[in-house]
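To start, the structure under review is shown below, and the notes come after it.
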Amino acid sequence: MKSSRKNIGIALLFLAPNLLGFMLFTLVPVLLSLGGSFTTWSLRPSVPLEFVGFGNYISLFKDKNFYFFLYNTVYLMLGIPISIAGSLALAVVLNQKFEFKKKNTQVRNELFLAMLIAGASMTLWIAGSRNLALVAFTLGIVALLGFRFGSISYRTMLYLPFFTAGAGTVLLWSQLFNPNFGLINEVIRGIFAVLHINAEAPGWLTSTKSLLGFLPLPSHFNNGGFGLGAREAIMFMGIWGAIGGNNMLLYLAGLSSISPELYEAADIDGASNWQRFRHITVPQLAPTTFFIVVVSTIGGLQGGFEQARLMTEGGPAGITTTLSYYIYTQGFERLDLGYGCAVAWVLFLMILGITLVNWKYGKAEVD
Amino acid sequence: MKREVQLFFKHCGMIVFVVAMILPFLWMAGTSFKPHSEVERASLVPDSPQPQNYAVVLKKAPDAFTGKFLDLDFGRWYLNSVLIAGWVTALQVMTSCMAAYAFSRINWPGRDKVFLLYLGTMMIPGLVLMLPNYQIMVSLHLVNTYSGLILPAAFSAFGTFLMRQFMGGISKSYDEAAFIDGATHLQLFLEVILPLVRPGMVSLVILSFMGNYQSFFWPLVMVKDDYLRTIPVGLLSFSGQYGQQTELLMAATLMSVAPLIILFIVMQKQLVEGIQLGGVKG
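As you go down the protein sequences, you meet chains A and B in turn.
First residue of the first sequence: 1290, per the numbering used here; consecutive thereafter.
First residue of the second sequence: 1128, per the numbering used here; consecutive thereafter.
Structure, rendered in C-alpha cells:
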C-alpha cells in the first residue's frame, strides 16, 4: 500500500485523541514556557505581564544561588556511576548458572536449610534476641527461594526497591537516616561498639558535611567540611533504589544476547575471568551502557525534587536544593513563573548539550 | 563437587546481599507495629506489637498515644490514587494504541516527521512543562478537580512509542489478507492488531499504572482540598501537622507500597518484557 493523501483522513481519525492531548499538554506548554521565560509572568495578579527580553536569563547568570544549586545537582549525580557499576556487577553474577547439577543435592540442601533456619530462629527467639531471630528467619526464606528458583528469585527481590520507589520509600529512608534512632546509625553505632571505635555516627540529613567538603568552595555553598551529610544520604538512597532496577534488567538482556562463541574462543586462548570480562563482556555491553548513561544523566539533571520536598525541604542550609526543586520554589512559592521557566530552559539546554556530546563521542566509542 | 561448593557460597553471598537490600522494608514493617513509646528503641521486632496502628491510620480507632481520631481520610486517598491511576492508564493505553496504529500501519505523507516530533518531545524535561501546564489548568478551571489530575497525564508520547515498537513487529501480511477480505482499518485495528499486541498493552498498563500511582509532583500542585489528595501527597500529612508519629507514618507507607508489591509479583514477566523492549531497541 502506497503512501497516499486519501489515507490522511483515516490516519487523523486514529491520531486525533492523542494528538489533541499532545498539543494541549505538551506542544502549547513548551511554547508558553519558552515565551514566558522572556516576560515577568507571575501567578500574582498584581504583577503586570511585561516583555523583558533576556532579563530573566541575565539575572539568572548573576544569581549566586543558581550556581550553588547546579553544584548540588551535579554532586548528587556522582552516585550514578556507582549505581551503574553495581547494576553491571549484579547482572554479571546473576547471569551465571545458579542451579545445582544434581537434583538430589538440591533437595538435600533445601531440607538442610529449612531445618537450620527453623532451629536457628527458634533458638534465638527463645534466647531473647528477637531481632536476630527475625533476620535469621528472613535469611532462611531468601535462601530457600534462591535454592529453589535460582537467579530469577534474586532478580525479583532486588527489583523491589526500584519498583516501590516513590514518596513512600523516600519517607521510609528519612526515618532510617534519623541520627538518633534510625536503623542506619544503630548499625553504625553497633559496629563502632564492637570495634571499640570512639567516634560519632554521621548526622546524615541534618548535616552539611560532604565527601568533597575539603574543597575550597565559595562561602554561600555552605560547605560543612569533610564527612557524611545530607547529600551522601540522598545518594545512598538513590543507589539502593537503582542498583537492582531497570539498569540491571537491561544489562541482563544485553548479557543474554552475547554470543557464547566469543567466550568459548576466549577459553581456548586460556583467558582469565577478568580478561573475559574486560575484553568481551564490557565491549559487547557498550550499547547498553551508552543507553543507560544517557538516560541516567538526563534523569539526574532533573532529579532531586521528591527528596528535597519530602526529606529535607532543600536543606540543611540549601545543600540538597537541586535545580528541579529551585524551579518548583520559584514557580509555586515565589509565584514567579517567568524566572522559573528561564531556569527550566537553561536546564533543558544543558541536558540537550550533554546528550549531544554523549551521542557524538559515545556513539563513536560504541561503534 | 568443587563446583557445587562454589555454587553454595555464591548463593550465600547473594542471600546476604538481598537481605541487606530488603532490610529497610523489614524495619518499616516492624516499626509500623510498634507502640509510640517503642519507636526510638533500636529493634526490628516490637516488644508489645500494636496492630491497631493500622486501624488508627484508616480512622477506625483513636490513636493510643494522643487518644484522638486522626483528622485525615486515608481510605479516601487510597481510592483516589487507584481511581486516578486507573483512568490515566485506560486513557493512555487507548490513545497510545490508536496513535501507534496510525504511525505503523497506515501510510500517509508526513507520518515520519510527525512521529519524530513526538520522539523529540520525549526529551523535553517535565520541568519545562510543569509551570505552563499549571497555568493552563488555571485557565481551564481544572485546578483542584479530578479531571485536572487525570487529563494532562492521559496522553503519552512514550506509550505511543512503546506500542509502535510492538506493532512494528507484526507482519504486514496480516493487513494485506484483511484488506483482501474487505476489512476496514477499524476492523483490522480492533480484530487483528490489538489482540496481537496484547503483551505490549499489558506492559504499558503496568508501567503507566505504577508511574501514576506514585505520581507526586502533579497532585502536589493541583490539589487544594483534603478529599482530593492521593496517597503520595497524603503521606506528607503524617510527618507534618500531627507531629512526628513514625509508627503511623510507617503503617501508612506500608499500606501505600503493598498494592505495588502485589502487582509486581503477579505481573513481573510482562513487566520485564516491556522494559527490555522499550529500553534495548529504543
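All residues carry an ideal CB built from backbone N, CA and C; glycine is no exception.
Under 8 Å by beta carbon: chain A residues contacting residue i
i: Ala-1281(B); result: Gly-1310
i: Tyr-1228(B); result: Phe-1303
Contacting residues, own chain, Cβ-Cβ under 6 Å from residue i (five flanking each side not counted)
i: Leu-1447(A); result: Gly-1533
i: Gly-1522(A); result: According to the sequence provided, residue 1522(A) is Ala. The question's Gly does not apply to it. Excluding positions up to five away in sequence, the list reads Phe-1466, Trp-1493, Leu-1494.
i: Gly-1651(A); result: Phe-1579
i: Ile-1429(A); result: Checking the sequence, you will find Gly at residue 1429(A) rather than Ile. Once the five neighbours on either side are set aside, the close Cβ partners of Gly-1429(A) are Ile-1406.
i: Tyr-1346(A); result: Ala-1631
Residue j beta carbon less than 8 Å from that of residue i
i: Asn-1260(B); j: Arg-1356(B); result: no
i: Phe-1136(B); j: Gly-1361(B); result: no
i: Val-1459(A); j: Met-1600(A); result: yes
i: Glu-1374(B); j: Ser-1159(B); result: yes
i: Gly-1368(A); j: Met-1524(A); result: yes
i: Ile-1547(A); j: Gln-1573(A); result: yes
i: Thr-1427(A); j: Val-1146(B); result: yes
i: Thr-1445(A); j: Gln-1395(B); result: yes
i: Leu-1210(B); j: Cys-1630(A); result: no
i: Val-1319(A); j: Leu-1256(B); result: yes
i: Arg-1565(A); j: Ala-1555(A); result: yes
Chain-ordered chain B contacts of residue i [CB-CB under 8 Å]
i: Leu-1428(A); result: Ile-1142, Val-1143, Val-1146
i: Ser-1331(A); result: Per Cβ cutoff of 8 Å: no residues; Ser-1331(A) is ~10 Å from chain B at best.
i: Val-1336(A); result: Those within 8 Å of Val-1336(A) in chain B number zero; the least Cβ separation is about 14 Å.
i: Trp-1648(A); result: Those do not exist, as Trp-1648(A) stays about 11 Å from chain B at its closest Cβ, beyond 8 Å.
Terminal residues of the alpha helix (DSSP H) in which residue i lies
i: Ser-1231(B); result: 1201-1231
i: Ile-1149(B); result: 1129-1159
i: Asp-1625(A); result: Looking at the DSSP string, Asp-1625(A) is not in any alpha helix (DSSP H), and its letter there is neither H nor E.
i: Phe-1293(B); result: 1284-1295
i: Pro-1346(B); result: 1344-1349
i: Thr-1357(B); result: Counting along the chain, Thr-1357(B) falls outside any alpha helix (DSSP H), and DSSP gives it neither H nor E.
i: Thr-1458(A); result: 1456-1465
i: Lys-1521(A); result: Per the sequence shown, residue 1521(A) should be read as Glu rather than Lys. It spans 1519-1531 - the alpha helix (DSSP H) in which Glu-1521(A) sits, taken as one unbroken run.
i: Ala-1482(A); result: 1472-1483
i: Pro-1348(A); result: Inspection of the sequence shows that residue 1348(A) is occupied by Ser rather than by Pro. Its alpha helix (DSSP H) spans residues 1344-1351.
i: Glu-1303(B); result: 1300-1307
i: Val-1241(B); result: 1238-1249
Cross-chain neighbours of residue i in chain B, by beta carbon under 7 Å
i: Arg-1419(A); result: Val-1172
i: Ile-1299(A); result: Ile-1233, His-1312
i: Asn-1296(A); result: Ile-1233, Asn-1234, Trp-1235
i: Ser-1613(A); result: Leu-1254
Own chain partners of residue i with C-beta closer than 7 Å, once the 5 adjacent residues on each side are dropped
i: Leu-1349(B); result: A small fix is needed here, since residue 1349(B) is Met in this sequence, not Leu. So the list reads Met-1264, Val-1270, Asn-1271, Gly-1275, Leu-1276, once near-sequence residues are dropped.
i: Ala-1409(A); result: Ala-1425
i: Phe-1242(B); result: Phe-1230
i: Leu-1624(A); result: Ser-1331, Leu-1332, Arg-1333
i: Gly-1439(A); result: Phe-1387, Glu-1388
i: Ala-1633(A); result: Ser-1322, Ile-1616
i: Ser-1223(B); result: Ser-1283, Gly-1286, Thr-1287, Met-1290, Leu-1331
i: Pro-1306(A); result: none
i: Gln-1368(B); result: Here the model assigns Gln-1368(B) a pLDDT of 49, short of 50, so the residue's position is not dependable, and the following value carries that caveat. Cβ within range, chain order: n/a, list empty.
i: Thr-1610(A); result: Phe-1358, Asn-1361, Ala-1597, Gly-1603
i: Trp-1204(B); result: Arg-1356, Thr-1357, Ile-1358, Gly-1361
i: Ser-1364(B); result: Leu-1199
Residue i Cβ short of 7 Å to the ligand ATP heavy atom set
i: His-1268(B); result: With respect to the ligand ATP, the structure shown offers nothing to examine, as it has no ligands at all.
Chain B contact residues for residue i, given Cβ-Cβ distances below 9 Å
i: Glu-1622(A); result: What Glu-1622(A) touches in chain B: nothing, since even the nearest Cβ is about 11 Å away.
i: Trp-1529(A); result: Met-1148, Pro-1151
i: Phe-1594(A); result: Leu-1254, Phe-1343, Phe-1344
Other residues of its chain near residue i: CB distance less than 8 Å, five sequence neighbours each side excluded
i: Gln-1397(B); result: Pro-1326, Val-1329, Ser-1330, Ile-1333
i: His-1163(B); result: Ala-1191, Phe-1192, Gln-1372, Glu-1374
i: Arg-1478(A); result: Ala-1490
Closer than 7 Å at the beta carbon, the chain A residues around residue i
i: Met-1155(B); result: Leu-1461
i: Gln-1395(B); result: Thr-1445
i: Val-1399(B); result: Leu-1538
i: Ser-1223(B); result: Asn-1307
i: Ser-1383(B); result: Gly-1457
i: Leu-1387(B); result: Phe-1452, Thr-1453
i: Thr-1380(B); result: Gly-1457, Leu-1460, Leu-1461
Closest residue to residue i among the options (Cα-Cα distance)
i: Ile-1640(A); options: Leu-1449(A), Ser-1585(A), Ala-1522(A); result: Ser-1585(A)
i: Cys-1139(B); options: Leu-1402(A), Tyr-1360(A), Asn-1354(A); result: Leu-1402(A)
i: Arg-1294(A); options: Trp-1235(B), Met-1394(B), Met-1257(B); result: Trp-1235(B)
i: Trp-1648(A); options: Ser-1376(A), Val-1583(A), Gly-1627(A); result: Val-1583(A)
i: Ile-1265(A); options: Gly-1527(A), Ala-1555(A), Ser-1545(A), Thr-1644(A); result: What the structure shows of chain A is the stretch from 1290 to 1656, and residue 1265(A) is not part of that stretch, so it cannot be assessed.
i: Gly-1298(A); options: Glu-1131(B), Leu-1153(B), Ile-1233(B); result: Ile-1233(B)
i: Ile-1149(B); options: Gly-1530(A), Val-1341(A), Phe-1503(A); result: Gly-1530(A)
i: Gln-1385(A); options: Phe-1594(A), Asn-1562(A), Thr-1644(A); result: Asn-1562(A)
i: Phe-1344(B); options: Leu-1484(A), Phe-1503(A), Phe-1594(A); result: Phe-1594(A)
i: Phe-1144(B); options: Tyr-1364(A), Gly-1435(A), Ser-1335(A), Pro-1337(A); result: Gly-1435(A)
i: Phe-1343(A); options: Pro-1337(A), Pro-1549(A), Lys-1351(A); result: Lys-1351(A)
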